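Peer 1: FYI, this note's numbering numbers position 135 of the sequence shown as 219, with every residue one higher than the one before it.
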Amino acid sequence: MTVESVKPAQPAAPQLPVPPLAGGGVPVLGHGWKLVRDPLGFLVRLRDHGDVVRLKLGPKTVYALTSPALTGAMALSTDFKIDGPLWESLEGLLGKEGVATANGPRHRRQRRTIQPAFRLDVIPEYGPIMEEEARALAERMGSGEPVDCTSESFRVAVRIAARCLLRGEFMDERAERLSVALATVFRGMYRRMVIPAGPLYRLPLPANRKFDRALADLHLLVDEIVAERRASGQKPDDLLTALLEAKDENGEPIGEQEIHDQVVAILTPGSETVASTIMWLLQVLTEHPEHAARVAEEVKSVVGDRPVAFDDVRKLSYTNNVVVESMRLRPAVWILTRRAVTETELGGYRIPAGADIVYSPFAIQRDPRSYDGHLDFDPDRWLPERAKDVPKHAMSPFSVGNRKCPSDHFSMAQLSLITATVASRWRFEQVSGSNDATRVGITLRPYRLLLRALPR
Ligand code: HEM
Numbered sequence: 085m086t087v088e089s090v091k092p093a094q095p096a097a098p099q100l101p102v103p104p105l106a107g108g109g110v111p112v113l114g115h116g117w118k119l120v121r122d123p124l125g126f127l128v129r130l131r132d133h134g135d136v137v138r139l140k141l142g143p144k145t146v147y148a149l150t151s152p153a154l155t156g157a158m159a160l161s162t163d164f165k166i167d168g169p170l171w172e173s174l175e176g177l178l179g180k181e182g183v184a185t186a187n188g189p190r191h192r193r194q195r196r197t198i199q200p201a202f203r204l205d206v207i208p209e210y211g212p213i214m215e216e217e218a219r220a221l222a223e224r225m226g227s228g229e230p231v232d233c234t235s236e237s238f239r240v241a242v243r244i245a246a247r248c249l250l251r252g253e254f255m256d257e258r259a260e261r262l263s264v265a266l267a268t269v270f271r272g273m274y275r276r277m278v279i280p281a282g283p284l285y286r287l288p289l290p291a292n293r294k295f296d297r298a299l300a301d302l303h304l305l306v307d308e309i310v311a312e313r314r315a316s317g318q319k320p321d322d323l324l325t326a327l328l329e330a331k332d333e334n335g336e337p338i339g340e341q342e343i344h345d346q347v348v349a350i351l352t353p354g355s356e357t358v359a360s361t362i363m364w365l366l367q368v369l370t371e372h373p374e375h376a377a378r379v380a381e382e383v384k385s386v387v388g389d390r391p392v393a394f395d396d397v398r399k400l401s402y403t404n405n406v407v408v409e410s411m412r413l414r415p416a417v418w419i420l421t422r423r424a425v426t427e428t429e430l431g432g433y434r435i436p437a438g439a440d441i442v443y444s445p446f447a448i449q450r451d452p453r454s455y456d457g458h459l460d461f462d463p464d465r466w467l468p469e470r471a472k473d474v475p476k477h478a479m480s481p482f483s484v485g486n487r488k489c490p491s492d493h494f495s496m497a498q499l500s501l502i503t504a505t506v507a508s509r510w511r512f513e514q515v516s517g518s519n520d521a522t523r524v525g526i527t528l529r530p531y532r533l534l535l536r537a538l539p540r
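#1: In whole angstroms, what is the alpha-carbon distance linking S89 and D307?
#2: Over the uninterrupted beta strand (DSSP E) stretch that includes E513, give me the two end residues.
#3: Does R129 come out as helix, strand or coil in the three-state DSSP assignment?
#4: In this structure, does DSSP put L266 in helix, strand or coil?
#5: How about A157 and L130: are their beta carbons less than 8 Å apart?
#6: Indicate, with yes or no, if the ligand HEM has a heavy atom lying under 7 Å from the CB of S491.
#7: Rounded to whole angstroms, what is the Cα-Cα separation between E374 and G517?
#8: Is H344 close to the ligand HEM? I mean its beta-carbon at under 7 Å from any heavy atom of the ligand.
#9: The beta strand (DSSP E) with Y402 in it runs from where to where?
#10: Would you check whether the ligand HEM has a heavy atom nearer than 7 Å to the C-beta of V102?
#11: Can you find a heavy atom of the ligand HEM that lies under 7 Å from the Cβ of V442?
#12: Which residues mark the beginning and the end of the beta strand (DSSP E) in which I441 is found?
#13: Between which two residues does the beta strand (DSSP E) containing N519 stretch?
#14: Quick check on R423: does DSSP put it in helix, strand or coil?
#15: What distance in whole Å lies between the Cβ atoms of V368 and A504, which are believed to be in contact at a cut-off of 8 Å?
#16: In whole angstroms, give me the CA-to-CA distance for I441 and K140.
#17: In terms of residue numbering, what span does the beta strand (DSSP E) encompassing I198 cover?
#18: Specify, as a first and last residue, the run of the beta strand (DSSP E) that V137 falls within.
#19: Please classify G388 as buried or exposed, where buried requires at least 16 neighbouring CB atoms within 10 angstroms.
#20: At a threshold of 7 Å, does R487 count as lining the ligand HEM (C-beta to nearest heavy atom)?
#21: Name the DSSP beta bridge partners of L528, please?
#22: If C233 and L366 are in contact, beta carbons under 8 Å, what's the gap, nearest whole angstrom?
#23: Beta strand (DSSP E) containing V146: first to last residue?
#24: Can you name, in chain order, every residue of its own chain whose Cβ lies under 7 Å from the Cβ of T370, other than the five neighbours on each side?
#25: Run through DSSP, which three-state label would K488 get?
#26: Per DSSP, K165 is paired with what?
#27: I want to check one thing, is the minimum distance from the CB of V358 to the heavy atoms of the ligand HEM below 7 Å?
#28: Jot down the residue ranges of each uninterrupted alpha helix (DSSP H) in the segment 316-355, minimum 4 residues, whole runs only, in chain order.
#29: Have a look at H457 and F394 and give me their C-alpha separation to the nearest angstrom.
#30: DSSP state of Y455, grouped into three classes?
#31: First and last residue of the beta strand (DSSP E) that includes L534?
#32: G282: buried (16+ other C-beta within 10 angstroms of its C-beta) or exposed?
#33: Applying the criterion that 16 or more other CB atoms from any shown protein chain within 10 Å of the CB defines a buried residue, is S227 buried or exposed?
#34: What does E429 pair with, by DSSP beta-bridge criteria?
#35: In the DSSP output, what is L105 paired with across the bridge?
#36: Just tell me which of M277, P391, S235 has its CA closest to the CA of A265.
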């Protein structure tokens, strides 16, 4: 036995100071009331207190990171895992065994299973479905009725995810049901996360019943999709086959519950994020007609008069920059959390084991220290000669590290294709009853964007 081995374990960061406490807390509630009243404004202003700040949410201490370098350092470090109140409430509703909430060896194994379906060289196989769905959306916009961007964006996002990744028969009807169920579930889920008043949600009120029905339908649909694939005896080379054939750490087939939770864990982050981003893209095309016109000109010069095809997307650099700039200023994912698995250090401060840490991509992507004209909508800032000046991790809408979104290429391809397809065909204006103010939920999106589509 060596002398070292009998010494008491040394904490990792014993001498380091604790981060400063953010200003503006009140007794009992701490900063909680500010976070509920004006979450985005509160998170943006935290940077004035330092790169790492302590928040009091009731009796609980939470640590907030406000610099891109530290958010990147945390995402890339093994000292943190996915956990905390946000994830616990998600697990309760969507299942505990899916990739989005798992940690450790199970998470690594699940990532290995799903990753092939999202590989860059596989994405072109989804091209025909993406083209078809983008054109169908543009077609529906010409119905003469105001375009309800919330339901249309959900529809196209869910249809693309379900048709590309799960295939199967009756997917048209199922994608439609999925998009209605998911839209309702997401609305209710955020309320349940920020106001965790369990018994209240069990009361037989119309809103609760609607939520319960939508959640039950979501789980039922997933069971139907899995059962139908099994009954078909077919094994196409797709994500669902990969999930059904997956083996656990011991080489045994994975359980039914895990298969179910995995499908849910891919469909849910895959629909709300893309749908919200499409809503913002439509809002941007409406608010900035000059940028929309440039997108249309670019499409015309690259594509001519035929419909935009999947293969055109990589040549549409201005359109891609509009998508990225829209995601910078109006990110769907506005807050992310982690939990420290061990005592550790961030930015020279001590972070205790078990601490919950939050950061806001919304705040990071609007930081004047990272962006000139930080609130200007300026797609050309993503031209290579200017983009090189953007600090590392100041624009990571899909995050980095082991929890990075597997769907970055899949998402960017469809977002650019949809933007090019609709902007080259239509100009937009808001109609009465439309409200494009930011609605804070699980994702950020406009409250209720209603548009009139005018031929370009
Ligand atoms: C994870 C963003 C679309 C599936 C994530 C994370 C971010 C993100 C930031 C990391 C969360 C964290 O660090 O805690 C986005 C954005 C999207 C998008 C901005 C679209 C604009 C999609 C789509 C799918 C998807 C289309 C699937 C079809 C997932 C999954 C995870 C994830 C399964 C969990 C990964 C893990 O924990 O290992 N996404 N996402 N996402 N995303 Fe996406």
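All C-beta atoms, glycine included, are put in the ideal place defined by N, C-alpha and C. Keep in mind it's a predicted model, so treat the numbers as computed, not measured.
Peer 2: Let's see:
#1: Residue numbering aside, residue 89 sits at position 5 when the sequence shown is read from its first letter. Residue numbering aside, residue 307 sits at position 223 when the sequence shown is read from its first letter. At S89 the pLDDT is 40, less than 50, meaning the model places this residue with poor confidence; the figure from the coordinates comes in the next sentence. Approximately 53 Å between the Cα atoms of the pair.
#2: The residue you call residue 513 lines up with position 429 of the sequence shown. 510-514 is the extent of the beta strand (DSSP E) around E513.
#3: Position 45 of the sequence shown, counted from the first residue, corresponds to residue 129. Looking at R129 - three-state DSSP - the assignment turns out to be helix.
#4: Position 182 of the sequence shown, counted from the first residue, corresponds to residue 266. The three-state secondary structure of L266, taken from DSSP, is helix.
#5: Here the question's residue 157 lines up with position 73 in the sequence shown. Here the question's residue 130 lines up with position 46 in the sequence shown. Not closer than 8 Å, so no.
#6: Numbered from 1 along the sequence shown, position 407 holds the residue referred to as residue 491. Checking the Cβ of S491 against the ligand HEM gives yes.
#7: Residue numbering aside, residue 374 sits at position 290 when the sequence shown is read from its first letter. Residue numbering aside, residue 517 sits at position 433 when the sequence shown is read from its first letter. Straight-line Cα distance between these residues: approximately 24 Å.
#8: As a working mapping, residue 344 is identified with position 260 in the sequence shown. It does not: the Cβ of H344 is nowhere closer than 7 Å to a heavy atom of the ligand HEM.
#9: One-based indexing of the sequence shown puts residue 402 at position 318. Annotation for Y402: no beta strand (DSSP E) segment contains it, though the alpha helix (DSSP H) segment containing it runs 401-413.
#10: Here residue 102 corresponds to residue number 18 of the sequence shown, with the count starting at 1. Every heavy atom of the ligand HEM is 7 Å or more from the Cβ of V102, so no.
#11: Locating residue 442 in the sequence shown gives position 358, counting from the first residue. Placement of the Cβ of V442 at a distance of 7 Å or more from every heavy atom of the ligand HEM is found.
#12: Translated into the one-based positions of the sequence shown, residue 441 becomes position 357. For I441, the enclosing beta strand (DSSP E) has its first and last residue at 440-443.
#13: Mapped onto the sequence shown, residue 519 falls at position 435. Unbroken beta strand (DSSP E) run through N519: 519-524.
#14: To locate residue 423, count along the sequence shown from 1; it is residue 339. When secondary structure is reduced to three states using DSSP, R423 falls in the strand class.
#15: Within the sequence shown, the letter at position 420 stands for residue 504. Within the sequence shown, the letter at position 284 stands for residue 368. Wrong, their Cβ atoms sit about 14 Å apart, outside the cutoff.
#16: In the sequence shown, residue 441 corresponds to position 357, counting from 1. In the sequence shown, residue 140 corresponds to position 56, counting from 1. One C-alpha to the other measures close to 12 Å.
#17: For the purposes of this step, residue 198 is identified with residue 114 of the sequence shown, where counting begins at 1. Annotation for I198: no beta strand (DSSP E) segment contains it, though the alpha helix (DSSP H) segment containing it runs 188-198.
#18: Locating residue 137 in the sequence shown gives position 53, counting from the first residue. In this chain, the beta strand (DSSP E) harbouring V137 covers 136-141.
#19: In the sequence shown, counting from the first residue as 1, residue 388 sits at position 304. Its Cβ having fewer than 16 others within 10 Å, G388 is exposed.
#20: If you number the sequence shown from 1, residue 487 lands on position 403. Relative to the ligand HEM, R487 has its C-beta within less than 7 Å of a heavy atom.
#21: As a first step, residue 528 must be located in the sequence shown, where it is residue number 444. In the DSSP assignment, the residues bridged to L528 are V524.
#22: In the sequence shown, the residue the question calls residue 233 occupies position 149. In the sequence shown, the residue the question calls residue 366 occupies position 282. Distance from C233 to L366 at the Cβ level is roughly 5 Å; contact confirmed, criterion being Cβ atoms closer than 8 Å.
#23: Within the sequence shown, the letter at position 62 stands for residue 146. Taken as a continuous stretch (DSSP letters only), the beta strand (DSSP E) holding V146 covers 144-149.
#24: Here the question's residue 370 lines up with position 286 in the sequence shown. If we look at T370 and ignore the five residues flanking it on each side, its Cβ neighbours are F512, E513, Q514, L535.
#25: The count along the sequence shown starts at 1 and reaches residue 488 at position 404. Of the three classes helix, strand and coil, the one that applies to K488 here is coil, per DSSP.
#26: For the purposes of this step, residue 165 is taken as residue 81 along the sequence shown, with counting starting at 1. Note: K165 sits in a beta bridge opposite R423.
#27: Here residue 358 corresponds to residue number 274 of the sequence shown, with the count starting at 1. Yes, the Cβ of V358 comes within 7 Å of a heavy atom of the ligand HEM.
#28: For the segment 316-355, the full-length alpha helix (DSSP H) segments reaching 4 residues or more read 323-329 along the chain.
#29: On the sequence shown, position 373 is the one that residue 457 refers to. On the sequence shown, position 310 is the one that residue 394 refers to. The sequence given here places Gly at residue 457; His does not occur at that position. Straight across, the Cα-Cα distance linking G457 with F394 is about 33 Å.
#30: Translated into positions along the sequence shown, residue 455 becomes position 371. Residue state, collapsed to three classes: coil.
#31: Residue mapping note: residue 534 aligns to position 450 of the sequence shown, counting from 1. Element bounds for L534: 534-539.
#32: Position 198 of the sequence shown, counted from the first residue, corresponds to residue 282. Answer is exposed; the Cβ neighbour count stays below 16.
#33: Start at 1 with the first residue of the sequence shown, and residue 227 comes out as number 143. Per the 10 Å Cβ criterion, exposed.
#34: Start at 1 with the first residue of the sequence shown, and residue 429 comes out as number 345. BP columns for E429 point to R434.
#35: Locating residue 105 in the sequence shown gives position 21, where the first residue counts as 1. Paired residue(s): R138.
#36: Translated into positions along the sequence shown, residue 265 becomes position 181. Considering only M277, P391, S235, the residue with the shortest C-alpha distance to A265 is S235.
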